[in-house]
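Using the numbering used here, the final residue of the sequence shown is 492, and nothing's skipped along the way. We put the beta carbon where it would ideally sit given N, CA and C, even for glycine.
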Amino acid sequence: MKKQFLLFTLLLITGFSYGQIESGLLFGLTKGTTAEINAISGMEEGQMLYNTDTQEIYVYDGSAWVKSSNSNWLQNGNTSSNGSFLGTTNDVAMDIKSNNISMLQFGRRQTLGLTQSYPDYNDNDQYLTYVKGNNGTSALQFQADAADFYKPMFFTDSNGNFRLKGSAAQTDLFEIGSTGTSNNGEVEFIIGDDGAEPFVFKRYDYRDQLKKELFRIQGSSNAQTAKPRVGINTGQLANSTLEVNGSVATAIASPSSSLTLDETHHTVIITSNSSITLPAANSCEGRTYIVKNTYGSAINISTYVDNTGTNSTSVPSNSVVQLQSNGSVWHSVTPGTPTITYSQTFSGRAYFYNNTWYSPNQTYGLGLYWNQSHGTSSSPSYNTTGLAGLPITRNETLIKFVMKNDFNGNPSGTQYINLSVLRNGSFINIGTYTITGGSTNITMSNQDVNFELQENDLLVWACRSISGINRFSYASITFEFGY
């Protein structure tokens with residue numbers, strides 16, 4: 010009742026007031042010091058006092074005197090108690106602005122209009138802090154007084170990229186983030202700005218509480234022309250483009266059938282009659298492969314330039330070839346390149362009869378009749394007694410052979426020549442090769458071999474025709490060797 014009378018009196022006084030307000034007509038509150046106010050008893054909720062110590066109005070909330078200013082957000086700050094907060098009590102976005110531009114929003118994802126159908130963006134009830142800005146971009150910068158330049162900052166750009174840029178060691182910088190336009194996105198890692206600042210990747214060990222380096226990427230020097238260096242387990246600048254302080258593993262495979270090589274292959278062990286297809290040399294400049302053929306015959310492979318500069322399409326039995334693309338063709342870079350080459354030629358009447366293999370006759374040697382029978386199997390049935398052949402005097406490479414044929418009548422069917430070596434009492438099949446273009450005119454067949462011969466090997470050969478008319482050829486064969 011007292012409150013209602015007081016309010017009525019105030020309204021009545023102001024209703025009769027004109028132009029000038031006299032100080033005697035102003036409404037005043039009971040005043041007291043902090044000590045006097047705390048000594049009051051019998052207060053009622055809603056009563057007010059003016060604290061002369063703090064020069065603030067206090068309201069009794071039923072249990073304590075509280076400053077009326079605490080219900081507002083003051084420009085010079087508030088003194089708050091537990092349970093106080095700044096924000097909303099309903100599902101409405103809280104928005105903080107500067108220059109009337111929304112800078113920071115708080116709320117549920119759905120309330121802020123940020124729900125999308127993509128993973129991690131589809132939870133309507135996820136609570137967010139949304140940093141905004143002008144023209145569709147935003148930034149969040151941190152204080153770093155010791156940094157001369159490049160104060161640390163998260164920011165977005167007009168292409169939708171998100172980046173972190175900041176200071177390092179007072180005058181250097183680092184930058185991490187996405188870049189690109191029109192669906193051509195990238196992620197960049199940048200360190201600067203002298204040339205040799207490293208990216209260092211470390212692990213933390215809880216036992217000794219030390220950070221231990223795994224690998225690093227950095228420029229070779231503090232120069233504009235610094236080259237990239239990668240060091241794994243080096244602890245310092247790598248001494249080459251790549252330095253590995255430890256072992257290195259590459260892919261190795263033993264296919265059971267023909268294989269087309271790609272970026273998942275490196276070393277291939279051939280154990281059966283299969284072929285190897287190399288990728289286009291212009292698609293993988295610098296790539297290397299190692300092919301080891303343990304099969305008893307040469308195997309086919311895509312064209313490469315061998316160690317003598319000649320195109321080759323085979324990998325000899327019991328040999329290894331290492332290949333590298335120069336962006337145009339595949340080259341053999343196999344160690345142990347032959348540097349001296351020579352050739353030997355043998356002539357004779359070569360028999361192509363009855364689907365049977367015929368070699369030079371032991372009675373006449375290598376220069377007369379090639380009519381010593383060795384069966385009709387898929388490869389000749391050589392024997393270790395009474396066999397004509399070419400003894401090998403040193404470890405060397407049988408690089409290739411050229412065979413000249415001049416048949417006594419046009420042959421039919423298919424004509425072959427087989428090369429083998431007798432080594433330590435056993436025969437090793439080098440390969441069986443098709444003789445092309447046989448006729449009554451002189452024809453030449455040129456075949457790459459690249460087989461590694463050993464001292465005391467015996468090189469032997471035999472000819473055969475399958476499903477053809479019996480013919481003989483005035484033949485010559487020239488072998489090219491290298492060591």
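Output yes or no for whether 8 Å exceeds the beta carbon distance between G189 and R172. Between G189 and R172, the C-beta gap is not smaller than 8 Å, which leaves the two residues out of contact.
Pull up the distance between the alpha-carbon of F224 and that of V253, whole angstroms please. The alpha-carbon atoms of F224 and V253 are separated by roughly 9 Å.
Does any residue of chain D have a CB that is nearer than 8 Å to the CB of V101? The displayed structure is made up of one protein chain only, and chain D is not part of it.
CB S323 to CB I308, shorter than 8 Å? For S323 and I308, yes; Cβs fall inside 8 Å.
Mind checking whether Q227 and L246 have CB atoms under 8 Å apart? For the 8 Å CB-CB criterion, Q227 and L246 form a contact.
Relative to the C-alpha of D154, which candidate in V140, Y136, Q179, F164 has its C-alpha closest? It is Q179.
Near M259, what residues of its chain come up, given a Cβ to Cβ distance below 8 Å and the 5 sequence neighbours on each side ignored? Checking the sequence shown, residue 259 turns out to be Thr, not Met. Answer for T259: H275, T276, listed in chain order.
Can you tell me where the alpha helix (DSSP H) holding E45 begins and where it ends? It spans 43-48 - the alpha helix (DSSP H) in which E45 sits, taken as one unbroken run.
Tell me whether E9 is buried or exposed, calling it buried when 16 or more other Cβ atoms sit within 10 Å of its Cβ. The requested residue 9 does not occur in the structure, where the chain is confined to residues 10 to 492.
According to DSSP, which residues form a beta bridge with C472? DSSP lists Y367, I426 as the beta-bridge partner residues of C472.
If we count the other Cβ atoms within 10 Å of its Cβ and call it buried at 16 or more, is I110 buried or exposed? Result: exposed.
Report yes or no: do three or more beta-carbon pairs, one from the segment 377-390 and one from the segment 471-489, lie closer than 8 Å? Contact holds: three or more Cβ-Cβ distances are below 8 Å.
Looking at S326: is its Cβ nearer than 8 Å to the Cβ of F488? Cβ atoms of S326 and F488: not closer than 8 Å.
Identify every residue that forms a DSSP beta bridge with M103. Beta-bridge pairing links M103 to F115.
Quick one: grab the DSSP three-state call for S249. In this structure, DSSP gives S249 a state outside helix and strand, which the three-state scheme calls coil.
Beta-carbon proximity of E222 to K211, cut-off 8 Å: Against a cut-off of 8 Å, the Cβ pair of K211 and E222 comes out as a contact.
Assigned secondary structure, A178 (DSSP; H/G/I helix, E/B strand, else coil): Three-state result, A178: coil.
Does DSSP put A359 in a helix, a strand or coil? A359 falls in the strand class under three-state DSSP.
Express the C-alpha separation of S89 and A44 in angstroms, rounding to a whole number. When the Cα atoms are used, A44 and S89 turn out to be separated by approximately 21 Å.
Per DSSP, cross-strand counterpart(s) of Q333: Beta-bridge pairing links Q333 to T297, H340.
S284 in three-state terms, based on DSSP: In the structure shown, S284 adopts coil according to DSSP, grouped into three states.
Give the straight-line distance between the Cα atoms of Q119 and L35, rounded to the nearest whole angstrom. Between Q119 and L35, the C-alpha separation is close to 51 Å.
S229 to T146 span [Cα, whole Å]: Looking at the backbone, the Cα of S229 and that of T146 are separated by about 37 Å.
Cutting at 6 Å between CB atoms, please list the residues of its own chain near T312, excluding the five before and the five after it. Listed in chain order, the non-local C-beta contacts of T312 below 6 Å within the same chain comprise N320, T322, local neighbours out to five positions each way being set aside.
Taking contact to mean 3 or more Cβ pairs, one atom from each stretch, closer than 8 Å, check whether the segment 370-382 and the segment 395-403 are in contact. Yes: at least three Cβ pairs fall under 8 Å.
So which of D466, G447, G422 has the shortest CA-CA distance to T402? If we check each option's Cα against that of T402, D466 comes out closest.
Minimum C-alpha distance to M103 - residue among G92, R117, N438: The option with the nearest alpha carbon to M103 is R117.
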